[in-house]
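A.B. asks:
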Amino acid sequence: MSYTAKDIRNVCLLGHSGTGKTSLVESMLYMTGSIDRLGKVTEGNTVCDSDPEEAKRQISISLAVAPVKFKGCKINVLDTPGYFDFSGEVMEGLRVADAGIIVGSAKGGLSVGTEKAWKYLQERNMPRAIYIAKTDEENGDFNGAWQTLREKFGRSVCPVMMPLWDEEKHIETLLDIVYRRAYQLEGKRRKEVPIPADKQDVVDELYDQLCESVAETSEEFMEKYFSGEPFTQEEVIQGLHNGVKDLTLCPVVCGSAFTGLGTLTLLDCIIKLFPNPVEIPNRKGTDMHGNKVEIDITEDGAPYAFVFKTTSDQYGRYSYIKVISGRLTPDMSVVNARTGNITKLGHLYTMCGKKATEVQEVCCGDIAAVSKLTDTRTNDSLCDPKHPVNLTAIPFPVANYTMAIAPKTKGQEDKVANGLVRLSEEDMTFHCVNNAETRQMVLTGTGDIQLSVLCAKLKDRFGVEVTLSPARVPYREKIRKKVKVEGKHKKQSGGHGQYGDVWIEFEPCDSEELVFAENVFGGSVPKNFFPAVEKGLRDSVQHGVLAGYPVVYLKATLVDGSYHPVDSSEMAFKTAASLAYKAGLAQANPVLLEPIGELHVIVPDSYTGDVMGDLNKRRGRVMGMNPVEAGEQEIVAEVPMGEMGTYAIDLRSMTQGRGMFTYAFLRYEDAPPAVQEKAIAEAKQMQGDEE
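Anchor point for the sequence shown: position 653 equals 653 in the working numbering, and the numbering is continuous, going up by one each time.
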């Protein structure tokens, strides 16, 4: 079946982990006949959680796309993970969705995931609805849940569905407030039943509230409402649609993914209340000269598509795209705006979890996948060759949780590095660098669960087992007093010997780089050996005498020495300089420097005391506090890098996931004696292990 943009809805499911997002997608697919059997997360057989790690952990790890076909429309449901470690996947889904559904639970009150999801949608001015799941479970409280949501998010939150309990507190009936009807399920079909007499007043009251909200969506409706004339069914739907699109209304729906109650009514709401892609404002980007441009979303316009996700596994490599304008067909030639290269599209597919179904056309607003685009990556724009545009990129979260990664078997470092490069094509929220200074491969991501998943994927896909350990802190060393020492290298081994003799003054200075000077009189050291002395010192400062860390703020002045007309050489003077360095720095009162970074933490007001107390334990210095919108505070502090290893996890624990932070290197400072002792002991142990 071919679709037009008006038949498409792109909806992103958001919310806390465990609220039932994946189960809701499963229910949508089952109730509309796309699948024959209702999968369960606990059994690892759902459509959206198809990765082996997802089945094993029983959580969503990756963004999944599931097209749901209902009443002539195609609803692309984007199922996002609830764990905050995988917020990059949420950003991908939000980038191409035209509306969001926040999935909350009827049990347990307002979750952090619900708050974050609302914030994400608010920041992007995206239409939204709230789905209250698990209404049929014990201790489920739909009324309490939506009232809490209304108190938190305002009067825009209004229910359009409501469950009905029987005498035994079982929920078998659902009230559709928009149509003022009651439904029960018979298999996969809805059957209309009479509204209980004792519930008619509740329905009428909620319907009146809906009509009041509809009246506020246009002047015409406002006049009609105050004249006392009732709205027609079409006017109510139109008013709700306008209110959702203008962000003045947030419908609250409910149901049970397990029984399917409410699922079809939810799909009705998506089609009738959510905007189609053409109704969304123009998409922004930049042209090849960096000028801001906007693309009109039209079905017959030039082709523009945005790559929002990349997967590469045993099933092949797929670039997931949303067609922003025009339409795409196989073998069409487009330009990659990032590289400037012309790309010929291969096969096009509709993805349902991991299942790929080939299609011959993808219309404006639709979501699909293209295979084997080896030069294309996430955030790329595929465009009309005449007018290439870089569409606005996905704002991925900053990676700030760092661990050292190493293979369990020595010699497999390249295998680890190559595996991580491949995995980074799929997940752009982590990065890995080889730190030559600390001699570690350092992996930085968004949290411990993400890094654990990466390690598991390295084993399963690339056959290499790895271990994680705390990353070493890149300390520095400096001296605190001036010394003058001799370095003499004299060796006789038959024939020409080796002779180099230097006197060097070492003293502190303000430059991080080594400052080399010479103040030699009378040619005691010939000028042609000065570069060798400097080279010997520059090689030496890479390793300090305390713990082997680079030496900074050092000035070395060559003041005297001697040479042999036959046995002196550049190598001999280089060695002599190295000997002087080792002798001199040991006498110059060396000290270890630790890196200090500037920390910016944003937390709700109620957590500022806990965060400040924790920063004091980390030897942090609070530099100031700035109020941020929505009752949040920004705390600015200077904290030693050595105290920040687990901060991403600890802040999440302290603030129940509500806090966020950035951290950037600022400068080096003298380390306290206890820190120095520990760092020196660790360095000696490391040297012993390597030997």
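Positions of the beta carbon are idealized from the N, C-alpha and C atoms, including for glycine.
Quick check: the Cα distance between W503 and S569, rounded to an integer number of angstroms?
C.D. replies: Translated into positions along the sequence shown, residue 503 becomes position 503. Translated into positions along the sequence shown, residue 569 becomes position 569. If I take the Cα positions, the gap works out to 17 Å.
A.B. asks: If the criterion is Cβ atoms closer than 9 Å, does the pair L323 and A302 meet it?
C.D. replies: Taking the sequence shown and counting its residues from 1, one reaches residue 323 at position 323. Taking the sequence shown and counting its residues from 1, one reaches residue 302 at position 302. The residue you asked about is not Leu; residue 323 is Val in the sequence shown. No, the pair does not count as a contact, with Cβ atoms beyond the cut-off.
A.B. asks: Specify the secondary structure class of E682 as computed by DSSP and reduced to three states.
C.D. replies: As a working mapping, residue 682 is identified with position 682 in the sequence shown. Here E682 sits in helix by DSSP.
A.B. asks: Which two residues bound the contiguous beta strand (DSSP E) that contains V158?
C.D. replies: If you number the sequence shown from 1, residue 158 lands on position 158. Just to set this straight, residue 158 is Cys in the shown sequence, not Val. First-last of the beta strand (DSSP E) with C158: 157–159.
A.B. asks: Give the C-beta separation of G659 and V622 to the nearest angstrom, bearing in mind that I take them to be a contact with Cβ-Cβ under 8 Å.
C.D. replies: Your numbering for residue 659 matches position 659 in the sequence shown. Your numbering for residue 622 matches position 622 in the sequence shown. Going by Cβ atoms, the distance from G659 to V622 rounds to 15 Å, so no, they are not a contact pair.
A.B. asks: How many Å lie between L348 and V160 at the Cα?
C.D. replies: Walking along the sequence shown from the start, residue 348 turns up at place 348. Walking along the sequence shown from the start, residue 160 turns up at place 160. Going from the Cα of L348 to the Cα of V160 covers about 38 Å.
A.B. asks: Decide if S2 is buried, meaning its Cβ has at least 16 other Cβ atoms within 10 Å, or exposed.
C.D. replies: Position 2 of the sequence shown, counted from the first residue, corresponds to residue 2. Exposed is the call here.
A.B. asks: Using beta carbons (cut-off 9 Å, strictly below), is L249 in contact with chain B?
C.D. replies: No chain B appears in this structure, which consists of one protein chain only.
A.B. asks: Once DSSP output is grouped into helix, strand and coil, what is the label at F258?
C.D. replies: Taking the first residue of the sequence shown as position 1, residue 258 is located at position 258. F258: coil per DSSP, three-state reduction.
A.B. asks: For the segment 44–59 and the segment 107–123, state whether three or more C-beta atom pairs, one from each stretch, are separated by less than 8 Å.
C.D. replies: As far as the Cβ criterion goes, the segment 44–59 does not touch the segment 107–123, which means the pair count is below three.
A.B. asks: With DSSP as the reference, identify every bridge partner of G487, one or two as the case may be.
C.D. replies: In the sequence shown, the residue the question calls residue 487 occupies position 487. DSSP lists V502 as partners of G487.
A.B. asks: Based on Cα-Cα distance, which residue from A517, G228, F221 lies nearest to I237?
C.D. replies: For the purposes of this step, residue 237 is identified with residue 237 of the sequence shown, where counting begins at 1. Checking every option, the nearest Cα to that of I237 belongs to F221.
A.B. asks: Is it true that the CB of T378 sits closer than 9 Å to the CB of V370?
C.D. replies: For the purposes of this step, residue 370 is taken as the residue at position 370 of the sequence shown. For the purposes of this step, residue 378 is taken as the residue at position 378 of the sequence shown. Cβ atoms of V370 and T378: not closer than 9 Å.
A.B. asks: Between which residues of its own chain and I280 is the CB-CB distance below 8 Å, once the five residues before and five after are set aside?
C.D. replies: To locate residue 280, count along the sequence shown from 1; it is residue 280. Within the same chain, I280 has close Cβ partners D98, I297.
A.B. asks: With the cut-off set at 9 Å, would you say V157 and I130 are in Cβ contact?
C.D. replies: Here residue 157 corresponds to residue number 157 of the sequence shown, with the count starting at 1. Here residue 130 corresponds to residue number 130 of the sequence shown, with the count starting at 1. Yes, these two residues count as a Cβ contact at 9 Å.
A.B. asks: Do you know offhand how far F450's Cα is from V334's?
C.D. replies: To locate residue 450, count along the sequence shown from 1; it is residue 450. To locate residue 334, count along the sequence shown from 1; it is residue 334. Note on residue identity: the sequence assigns Gln, not Phe, to residue 450. Cα to Cα, Q450 sits roughly 35 Å from V334.
A.B. asks: Based on DSSP bridge pairs, tell me the residues matched to Y401.
C.D. replies: Here residue 401 refers to the residue found at position 401 when the sequence shown is read from its first residue. G445, per the DSSP bridge assignment.
A.B. asks: On the DSSP bridge list, what partners appear for G104?
C.D. replies: In the sequence shown, the residue the question calls residue 104 occupies position 104. Looking at the DSSP assignment, G104 forms a beta bridge with I132.
A.B. asks: Could you spell out where the alpha helix (DSSP H) holding D98 opens and where it closes?
C.D. replies: Residue numbering aside, residue 98 sits at position 98 when the sequence shown is read from its first letter. Unbroken run through D98: none, as it is neither H nor E.
A.B. asks: Distance, Cα to Cα, A106 vs N434?
C.D. replies: Position 106 of the sequence shown holds residue 106. Position 434 of the sequence shown holds residue 434. So the alpha carbons of these two residues sit roughly 47 Å apart.
A.B. asks: Are V515 and G561 touching if we call contact CB-CB under 9 Å?
C.D. replies: Translated into the one-based positions of the sequence shown, residue 515 becomes position 515. Translated into the one-based positions of the sequence shown, residue 561 becomes position 561. Against a cut-off of 9 Å, the Cβ pair of G561 and V515 comes out as no contact.
A.B. asks: Could you check the C-alpha separation between P531 and M571 for me, to the nearest Å?
C.D. replies: In the sequence shown, the residue the question calls residue 531 occupies position 531. In the sequence shown, the residue the question calls residue 571 occupies position 571. Answer to the nearest angstrom: the Cα atoms are 11 Å apart.
A.B. asks: Put C269 into one of helix, strand or coil per three-state DSSP.
C.D. replies: Taking the first residue of the sequence shown as 1, we reach residue 269 at position 269. Helix, per DSSP.
A.B. asks: C704 bridges to which residues according to DSSP?
C.D. replies: With the chain covering only 1 through 691, there is no way to say anything about residue 704.
A.B. asks: Kindly identify the DSSP beta-bridge partner or partners of I321.
C.D. replies: Counting from one through the sequence shown, the residue named residue 321 turns up at place 321. Its beta-bridge partners are V307, A368.
A.B. asks: Using a threshold of 9 Å, state whether the C-beta atoms of S23 and K40 are closer than that.
C.D. replies: Residue numbering aside, residue 23 sits at position 23 when the sequence shown is read from its first letter. Residue numbering aside, residue 40 sits at position 40 when the sequence shown is read from its first letter. Taking 9 Å as the Cβ cut-off, S23 and K40 qualify as a contacting pair.
A.B. asks: Classify V178 as helix, strand or coil using the three-state DSSP reduction.
C.D. replies: For this step, residue 178 is matched to residue 178 along the sequence shown. The answer is coil: DSSP assigns V178 none of H, G, I, E or B.
A.B. asks: Restricting to runs no shorter than 4 residues, where is the alpha helix (DSSP H) found entirely within the segment 18–68?
C.D. replies: Qualifying alpha helix (DSSP H) stretches, in chain order: 21–31, 52–57.
A.B. asks: How should S62 be labelled, buried or exposed, when 16 other C-beta atoms within 10 angstroms of its C-beta is the threshold for buried?
C.D. replies: If you number the sequence shown from 1, residue 62 lands on position 62. S62 comes out buried.
A.B. asks: Is it true that the segment 661–673 meets the segment 599–616, where meeting means three or more beta-carbon pairs spaced less than 8 Å apart?
C.D. replies: The segment 661–673, when compared against the segment 599–616, does touch it at the 8 Å Cβ threshold.
A.B. asks: Quick one: what does DSSP say F697 is sitting in, helix, strand or coil?
C.D. replies: In the structure as shown, the chain begins at 1 and stops at 691. Residue 697 is therefore absent and cannot be evaluated.
A.B. asks: Let me check one thing: in DSSP terms, what residues is L240 bridge-paired to?
C.D. replies: Reading the sequence shown from its first residue, position 240 is the one you call residue 240. Bridge partners of L240: none, in fact.
A.B. asks: Just reading off the beta strand (DSSP E) that E212 is part of, what are its end residues?
C.D. replies: By 1-based counting over the sequence shown, the position of residue 212 is 212. It is not in any beta strand (DSSP E) - E212 instead sits in the alpha helix (DSSP H) that spans 200–215.
A.B. asks: What does DSSP give as the partner residue(s) for A667 in the beta ladder?
C.D. replies: Taking the first residue of the sequence shown as 1, we reach residue 667 at position 667. Correcting the residue type first, residue 667 is Arg in the shown sequence and not Ala. I596, per the DSSP bridge assignment.
A.B. asks: Can you check whether the CB of C250 is closer than 9 Å to the CB of F153?
C.D. replies: Reading the sequence shown from its first residue, position 153 is the one you call residue 153. Reading the sequence shown from its first residue, position 250 is the one you call residue 250. Contact flag set, yes.
A.B. asks: When the distance is taken between beta carbons, is M441 closer than 9 Å to I405?
C.D. replies: For this step, residue 405 is matched to residue 405 along the sequence shown. For this step, residue 441 is matched to residue 441 along the sequence shown. Yes; because the gap between Cβ atoms is below 9 Å, this pair is in contact.
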